[in-house]
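J.: Chains as they are written, first to last, in my numbering: chain A, 70 to 390; chain B, 70 to 390.
Starting off with a structure, shown below.
There are 2 protein chains.
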Amino acid sequence: MTGIEKLQQEFEVYFNHRHFPASPATLYDPLELFLSNSGKRIRPVLCLMGNELYGDLHPDAFHLSAAIELFHNFTLVHDDIMDKAPLRRGKPTVHAVHGEPTALLGGDVMMVVAYDYINRIPSTFLQEVLQLFNKTAKEVCEGQQLDMDFEKLEKVSLEEYLNMITLKTSVLLACSLQMGAILADASKEDQYHLYEFGRNLGIAFQIQDDYLDAFGDPDKFGKQVGGDIQSNKKTFLMIHALETAQGNQLQELQQLMLMQSPDKVERVLGIFRSCGIDQWADELKDEYLSKALLHLENISVSKDRKSGLIELAYYLIKRDK
Amino acid sequence: MTGIEKLQQEFEVYFNHRHFPASPATLYDPLELFLSNSGKRIRPVLCLMGNELYGDLHPDAFHLSAAIELFHNFTLVHDDIMDKAPLRRGKPTVHAVHGEPTALLGGDVMMVVAYDYINRIPSTFLQEVLQLFNKTAKEVCEGQQLDMDFEKLEKVSLEEYLNMITLKTSVLLACSLQMGAILADASKEDQYHLYEFGRNLGIAFQIQDDYLDAFGDPDKFGKQVGGDIQSNKKTFLMIHALETAQGNQLQELQQLMLMQSPDKVERVLGIFRSCGIDQWADELKDEYLSKALLHLENISVSKDRKSGLIELAYYLIKRDK
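Right, here's the structure in full:
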């Protein structure tokens with residue numbers, strides 16, 4: 070069993086209980102069900118690893134992991150309302166089954182319970198953890214707003230997209246790691262490098278996600294390949310293609326974005342390939358992965374303690390390799 | 070100037086600044102505007118009074134007041150989405166102007182900023198304040214869920230309604246007072262009595278609100294009188310009327326609830342009066358006010374320090390007298 074699997078299992082054992090009171094069941098039961106339909110628990114594992122870097126796991130690190138997992142699930146429930154998504158992890162979303170008001174309120178109470186878990190750690194660390202967590206929570210909301218704003222814009226620059234995706238996705242990974250480290254009383258400098266490891270890893274992960282949506286193996290990807298292209302999403306790939314393509318090719322790409330044709334995905338992919346977008350994305354991903362690993366190197370613990378995080382970085386990034 | 074007005078003014082001076090970053094303006098500007106369209110700031114004043122009971126105002130009591138005001142406004146923004154309300158305090162609601170996704174996300178980020186304000190108090194009090202605040206926040210969500218559930222029920226008992234309204238309204242008033250007292254390092258027993266003062270006062274306030282919706286002076290009430298009757302809301306009055314009315318009168322009341330006729334409000338009020346519901350409600354309100362004041366008496370500070378809270382209780386309850 071790898072270090073990741075070990076921590077995933079330990080987290081599941083800890084997390085596998087009711088998080089909410091029994092009543093009102095109309096509010097709480099949908100949330101319990103949603104939480105049990107687990108994802109990969111990446112964020113809790115990051116938090117535990119951030120703590121384990123410095124020695125034996127602090128028992129309270131599980132509380133912080135739970136807080137992050139609840140916060141993450143709160144964002145999923147609310148994002149699904151905003152996106153009017155019918156499915157999540159292959160199952161109907163909370164609002165699709167129980168209505169928007171209950172999903173909205175359920176998300177709210179899930180966030181409160183996240184704060185409840187944070188409040189279980191020793192008070193010496195509480196202020197510092199809350200400061201980081203609140204900053205991150207605000208950024209995640211900002212990222213979601215920017216994502217919605219971008220849908221209405223004709224043109225989004227790579228820099229703007231990078232900022233949006235950093236807020237929406239990466240900072241929570243970074244925060245998870247740093248929260249674990251705060252509880253281990255890590256130095257400010259180590260905390261900074263750990264945060265930056267997570268932030269850069271998150272960006273690499275998103276580049277890969279965008280890449281796989283276009284070029285992934287349908288059997289391995291788990292989602293419909295080409296979904297981003299079908300819905301004209303401004304991804305790393307599309308933004309760079311619009312900045313790179315010239316003349317007729319640019320015109321064709323712009324026209325393809327205005328229509329729905331059976332061969333749309335195929336034709337856009339053709340343009341992506343001919344502009345070298347696939348290779349560019351692969352290199353960009355590696356660039357962020359390298360940045361992440363460099364920050365990890367700068368952390369003042371022995372190399373063998375870092376093996377779990379290196380393993381996790383490759384697990385997250387190389388899933389199609 | 071009364072003690073209430075003095076604290077309202079001091080709070081406004083403290084609160085009158087931006088609470089959110091400038092960007093993204095699409096997310097934050099609607100919230101700044103919503104917060105500036107102030108209500109009576111009752112909850113912040115309660116928090117300040119709960120603190121002032123024990124001596125000079127602790128400067129950090131303003132942070133806790135702001136947290137409560139932000140939390141309260143977060144619930145308003147989200148409740149308005151759930152209720153599909155077009156207006157709030159005479160102005161269009163956030164979702165009506167900016168769409169549901171932004172209102173949803175705006176509410177979320179307002180709650181996070183509430184926690185940010187709490188995190189500014191000395192760490193010695195942080196855990197205790199958070200525990201109370203989290204418990205209350207969960208209860209407020211539960212109250213809103215029960216309120217929505219009750220709309221679909223044919224029959225709601227007085228006990229069930231009382232529980233719902235306690236959660237939805239009263240506990241936040243109680244929490245506001247107790248948070249101020251925690252910051253003043255008040256004894257557990259005093260905290261309990263102060264909380265119970267607020268909880269009972271909140272119930273009395275709600276009984277009055279239900280009463281005024283039916284029997285209030287339209288010029289003074291500020292809302293359309295009879296609104297609850299028109300929308301068949303199960304209020305203190307309606308629940309008790311359905312439990313009290315007999316024979317033909319009960320039948321008429323039940324029929325009136327199934328239809329919309331021009332004289333509906335008038336006829337329901339006639340039944341309310343003939344069953345003595347108006348007097349019953351007035352007595353019930355006084356009963357809860359007395360309970361509240363009894364708890365206030367039990368608090369171990371000199372009587373003259375309590376004058377502000379007594380003033381506030383009468384200000385809240387006697388607004389139509």
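From the three backbone atoms N, C-alpha and C, an ideal C-beta is built for every residue, glycine too.
This structure is a prediction, so every number in the text was calculated from the model and none was measured.
Less than 9 Å between the C-beta atoms of L115/A and C210/B, yes or no?
T.: Residue mapping note: residue 115/A aligns to position 46 of the first sequence, counting from 1. Residue mapping note: residue 210/B aligns to position 141 of the second sequence, counting from 1. Not in contact: L115/A and C210/B (Cβ atoms no closer than 9 Å).
J.: To the nearest angstrom, how far is the alpha carbon of K375/B from that of G72/B?
T.: As a first step, residue 375/B is located in the second sequence; it is residue number 306 there, counting from the start. As a first step, residue 72/B is located in the second sequence; it is residue number 3 there, counting from the start. Approximately 11 Å between the Cα atoms of the pair.
J.: Below 7 Å on C-beta distance, what does A206/B contact in chain A?
T.: Taking the second sequence and counting its residues from 1, one reaches residue 206/B at position 137. Per Cβ cutoff of 7 Å: V181.
J.: If the cut-off is 9 Å on Cβ atoms, which residues from the segment 90 to 103 of chain A count as contacting chain B, listed in chain order?
T.: Residues passing the 9 Å Cβ filter: P90, S92, P93, T95, L96, Y97.
J.: As an exercise, report each continuous beta strand (DSSP E) stretch of at least 3 residues that is fully enclosed by the segment 317 to 381 of chain A, in chain order.
T.: Listed in chain order, there is nothing to give.
J.: So, with DSSP's three-state summary, where would you put E268/A?
T.: Counting from one through the first sequence, the residue named residue 268/A turns up at place 199. With the sequence shown as reference, residue 268/A is identified as Arg, and Glu is not the correct amino acid for it. Three-state DSSP puts R268/A in a helix.
J.: Would you be able to state if there are at least three C-beta pairs under 8 Å between the segment 278 to 297 of chain B and the segment 313 to 320 of chain B?
T.: Not touching, per the Cβ criterion.
J.: When we look at the beta-carbon of H86/A and count the other beta-carbons within 10 Å, is it buried (16 or more) or exposed?
T.: Translated into the one-based positions of the first sequence, residue 86/A becomes position 17. Exposed, since its Cβ has fewer than 16 Cβ neighbours within 10 Å.
J.: Q293/A lies in the alpha helix (DSSP H); which residues open and close that run?
T.: Counting from 1 along the first sequence, the entry for residue 293/A is found at position 224. Run containing Q293/A: none; DSSP gives neither H nor E here.
J.: Can you tell me which residues form a DSSP beta bridge with P161/A?
T.: Numbered from 1 along the first sequence, position 92 holds the residue referred to as residue 161/A. P161/A is bridged to L156/A.
J.: Is the CB-CB distance between A310/B and I276/B below 9 Å?
T.: Translated into the one-based positions of the second sequence, residue 310/B becomes position 241. Translated into the one-based positions of the second sequence, residue 276/B becomes position 207. Going by C-beta atoms, A310/B is not nearer than 9 Å to I276/B.
J.: Hey, out of L358/A, E169/A, K387/A, whose CA is closest to R268/A's CA?
T.: In the first sequence, counting from the first residue as 1, residue 268/A sits at position 199. Considering only alpha carbons, the answer is L358/A.
J.: Pairs of beta-carbons, one from the segment 210 to 230 of chain B and one from the segment 171 to 188 of chain B, closer than 8 Å: are there three or more?
T.: Because the criterion of three Cβ pairs below 8 Å is not met, the segment 210 to 230 of chain B and the segment 171 to 188 of chain B do not touch.
J.: Would you kindly check if the distance between the Cβ of I137/B and the Cβ of L270/B is under 9 Å?
T.: On the second sequence, residue 270/B is found 201 positions in, with the first residue counted as 1. On the second sequence, residue 137/B is found 68 positions in, with the first residue counted as 1. Contact: no.
J.: Of all the residues that make up the segment 187 to 213 of chain B, which are near chain A by a beta-carbon distance shorter than 7 Å?
T.: Against chain A - using a Cβ distance shorter than 7 Å - the residues of the segment 187 to 213 of chain B are N188, S192, L195, Q196, L199, Q200, N203, A206, K207, C210, E211, Q213.
J.: Would you check if the segment 142 to 157 of chain A and the segment 122 to 129 of chain A touch, i.e. whether three or more CB-CB distances between them fall below 8 Å?
T.: As far as the Cβ criterion goes, the segment 122 to 129 of chain A does not touch the segment 142 to 157 of chain A, which means the pair count is below three.
J.: Between the alpha carbons of K289/B and L104/A, how many angstroms are there, rounded?
T.: Position 220 of the second sequence, counted from the first residue, corresponds to residue 289/B. Position 35 of the first sequence, counted from the first residue, corresponds to residue 104/A. Rounded to whole angstroms, K289/B to L104/A spans 48 Å at the Cα level.
J.: Hey, M118/A and L363/A: beta-carbon distance below 9 Å or not?
T.: Position 49 of the first sequence, counted from the start, is the residue given in the question as residue 118/A. Position 294 of the first sequence, counted from the start, is the residue given in the question as residue 363/A. No, Cβ-Cβ distance for M118/A and L363/A is not below 9 Å.
J.: Below 8 Å on the Cβ atoms is my contact criterion, and I expect I111/B with D259/B to pass it. Report the Cβ-Cβ distance as a whole number of Å.
T.: On the second sequence, position 42 is the one that residue 111/B refers to. On the second sequence, position 190 is the one that residue 259/B refers to. Not quite, the Cβ-Cβ distance comes to about 21 Å (not below 8 Å), so this is no contact.
J.: By how many angstroms is the C-alpha of N203/B removed from the C-alpha of M179/A?
T.: Walking along the first sequence from the start, residue 179/A turns up at place 110. Walking along the second sequence from the start, residue 203/B turns up at place 134. Taking the straight line joining both Cα atoms gives about 11 Å.
J.: Would you say L241/A reaches chain B, if we count a Cβ-Cβ gap shorter than 9 Å as a contact?
T.: On the first sequence, residue 241/A is found 172 positions in, with the first residue counted as 1. L241/A does not count as touching chain B.
J.: Which residues in the same chain as H167/B place their Cβ atom closer than 7 Å to its Cβ, once the five residues preceding and following it in sequence are excluded?
T.: The residue labelled residue 167/B in the question sits at position 98 within the second sequence. Answer for H167/B: P99, listed in chain order.
J.: Which residue comes first and which comes last in the alpha helix (DSSP H) that contains Y97/A?
T.: The residue given as residue 97/A occupies position 28 in the first sequence. It spans 94 to 105 - the alpha helix (DSSP H) in which Y97/A sits, taken as one unbroken run.
J.: Is there a Cβ from chain A that is less than 9 Å from the Cβ of Y405/B?
T.: Chain B is shown from 70 up to 390; residue 405/B falls before or after that span and cannot be answered.
J.: Just checking: is the beta-carbon of T235/B within a distance shorter than 9 Å of some beta-carbon in chain A?
T.: Stepping through the second sequence from its first residue, residue 235/B is reached at position 166. No, because no Cβ of chain A sits closer than 9 Å to the Cβ of T235/B.
J.: Would you say H86/A reaches chain B, if we count a Cβ-Cβ gap shorter than 9 Å as a contact?
T.: As a position in the first sequence, residue 86/A is number 17, starting the count at 1. Chain B contact via Cβ: absent.
J.: Among residues of its own chain, excluding the 5 on either side of I379/A, which ones have a beta-carbon nearer than 8 Å to its beta-carbon?
T.: As a first step, residue 379/A must be located in the first sequence, where it is residue number 310. Cβ neighbours of I379/A beyond the five flanking positions: L362, L365.
J.: What in chain B is Cβ-close to M118/A, meaning under 8 Å?
T.: If you number the first sequence from 1, residue 118/A lands on position 49. Within 8 Å Cβ-Cβ: nothing; M118/A doesn't reach chain B, min ~25 Å.
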